[in-house]
Amino acid sequence: MRMGESGGMEHKQWAASCFNKVWDLLGKEDRSERDDEEMVHLCHASFWHWSQDEGHTATNISIGYWQLARVYAVIGQGGQALAYAEKCLKVTAEAELAPFYMAYAHEAQARAYAVLGERERMEAAAAEASRLTERVTDAESRGWLLADLATIAR
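Taking the numbering used here, the leading residue of the sequence shown gets 39, the next gets one more, and so forth.
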């Protein structure tokens, strides 16, 4: 298949499909090394497809960077996780996205610092994420943030 021949799926659909498959793998109890590798590839594919969609937004890019940071943190690659968390923070701040997205950018940063064993930086990033979470008005979204923050190894 040549570039542009999507077999009926557009970039947005591919991005969402890959994104959702990453979540399936993240939730898998007995994930193998092969699963981890597939998860990394799917996450990068999701991000790339979002970036190719003509209608993509800063929110899509922020979420993509956040998911990349999460995946790399989960597989123990703290340096990569931090690099993507920093990109997430930059895009989110530049676009002045809602506190929900900024809180998740800091959550990603805190998780990366936890993997790297940088406790003070992890605590600072987690505290900023918690502070921003207080500004999230939707109870369900706030709950997701609090639940994710609680899973960061302290």
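Each residue gets a CB set at the ideal place from its N, CA and C atoms; glycine is no exception.
The ligand FAD and residue i: does any heavy atom of the ligand fall closer than 6 Å to the residue's C-beta?
{"i": "M77", "result": "You won't find the ligand FAD in this model; it holds no ligand whatsoever."}
Can you tell me where the alpha helix (DSSP H) holding residue i begins and where it ends?
{"i": "A177", "result": "A177 to A188"}
{"i": "E92", "result": "Element bounds for E92: n/a, residue is neither H nor E."}
{"i": "Q118", "result": "G116 to E132"}
{"i": "D68", "result": "Segment: none, D68 is in no alpha helix (DSSP H) and carries neither H nor E."}
{"i": "G155", "result": "That residue, G155, is in no alpha helix (DSSP H); it is neither H nor E in DSSP."}
{"i": "I101", "result": "A96 to V112"}
Does the beta-carbon distance from residue i to residue j come in below 7 Å?
{"i": "C81", "j": "V112", "result": "no"}
{"i": "T171", "j": "A141", "result": "yes"}
{"i": "A163", "j": "H144", "result": "yes"}
{"i": "A53", "j": "H87", "result": "yes"}
{"i": "S168", "j": "F138", "result": "no"}
{"i": "S100", "j": "T130", "result": "yes"}
{"i": "A107", "j": "A123", "result": "yes"}
{"i": "L63", "j": "G116", "result": "no"}
Assuming residue i and residue j make a contact with CB atoms under 8 Å, what is their CB distance in whole Å?
{"i": "L127", "j": "Q147", "result": "6 Å"}
Mind checking if residue i is an interface residue toward chain D, Cβ cutoff 7 Å exclusive?
{"i": "W61", "result": "Of the protein chains in this structure there is only one, and it is not chain D."}
- Item | At least 3 beta-carbon pairs within less than 8 Å: the segment 63-71 vs the segment 83-92 | no
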